[in-house]
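J.: With our numbering applied, the sequence shown has no gaps in its numbers, which climb one by one up to 139 at the end.
Where a beta carbon is used, it is the ideal one built from N, C-alpha and C, also for glycine.
Note that the coordinates shown come from a computational prediction; the quantities given were computed from them, not determined experimentally.
Dropping a structure here in structure tokens format, bear with me for questions.
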Amino acid sequence: METSSLDNAAAPGLARRLGAIFYDALLLLALLMLGSFLYVPVAGRVLPAPLGRTLYQIFLFAIGFLYFAWFWTHGGQTLGLRTWKLRLVARDGGSITWPQATQRFALALVSWLCLGLGFLWVLVDHEKLAWHDRLSSTRLIRLPDVSRK
């Protein structure tokens, strides 16, 4: 996407962002349940409790990271973003790199851990950027509605 068309792209508001987050949360929950279904029977019998629990948490965290980062780096749209007609792009309008995806994922966790203030920031930011958008040099853009004939 060119910078000039990026400048014309509307930044999504908080409600649209939260809609995409909710949709992705449902999909991620299903993936975490599937991952648990595969992990627990195997590792639960082999690994001692403290180690098994720690590895299980790392495993679930990795599933979450890979879900978001893979979609962000391959077209800029998770299934939730696609449903809500949003796309994640770099500040210059280009594709997201793996380092940007990693940084954005970590910073989005910080945004949540601060009681969601990083997400609520879009209500006061003049560019409607969340903390993790601004700090990872990324932004969400709203895609135009396409009429079907």
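(1) Which class does I131 belong to by DSSP, given the choice of helix, strand or coil?
(2) Using the Cβ count rule (16 or more neighbours within 10 Å means buried), how would you classify W62?
(3) Find the nearest neighbour of A10 within the set P38, E117, T73, judged by alpha-carbon distance.
(4) So K118 packs on A1, CB below 8 Å; how close in whole Å?
(5) Have a look at Q90 and L41 and give me their C-alpha separation to the nearest angstrom.
(6) So, at 8 Å on beta carbons, what are the nonlocal neighbours of E(-8) in its own chain, with the 5 sequence-adjacent residues on each side left out?
T.: Working from what's here:
(1) Correct three-state label for I131: strand.
(2) Classification for W62: buried.
(3) For A10, the closest C-alpha among the options P38, E117, T73 is that of T73.
(4) With 8 Å as the limit, K118 and A1 qualify as a contact, their Cβ atoms being about 4 Å apart.
(5) The alpha-carbon atoms of Q90 and L41 are separated by roughly 31 Å.
(6) Because the pLDDT at E(-8) is just 45, under 50, the model does not fix this residue reliably, and the point stays unresolved.
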